[in-house]
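J.: What follows is a structure written as structure tokens; I'll ask about it next.
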Amino acid sequence: MSDSPTSTTIDDLRGRIDRIDAELARLLEHRALLAARVQRLKPVGGFAGRDPRRERELVAAMAAHAPRLGEERLARIMAAVIETGLDAAEAETART
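Position 53 of the sequence shown, counting from 1, maps to 39 under my numbering, and the rest follow consecutively.
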């Protein structure tokens, strides 16, 4: 590893990104656990009951906190988060 100011700055920034990614992974895990509990409480039966209106409201609220990303990008991110969380919860339910 070089001692140049540029590489130190890049290394520092990458380290900060790594710490954010680790925290993001913990938050995604926690979110998936909570979402699985919500799905089990829904009257529609298990994992079939997505709420598109709630998802749109969620994305709009997130966009207020992350305007650089905007609603379109956040919608794609959250669709993946929601689908992945539901998939993980269904897989866990199938194992038990």
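Just so it is clear, CB atoms sit at the ideal spot from N, CA and C, and this is done for glycine as well.
Is the distance from the Cβ of E57 to the Cβ of V67 below 8 Å?
T.: Not a contact, by the Cβ cut-off of 8 Å.
J.: Under a three-way DSSP split, which group does R62 fall into?
T.: The answer is helix: DSSP assigns R62 an H, G or I state.
J.: Could you check how far apart the C-beta atoms of L55 and A21 are, in whole angstroms? I think they sit under 8 Å.
T.: At roughly 21 Å, the Cβ-Cβ gap does not stay under 8 Å, so L55 and A21 are not in contact.
J.: Within 10 angstroms of its Cβ, does A18 collect 16 or more other Cβ (buried), or is it exposed?
T.: Buried, because 16 or more other Cβ atoms sit within 10 Å of the Cβ of A18.
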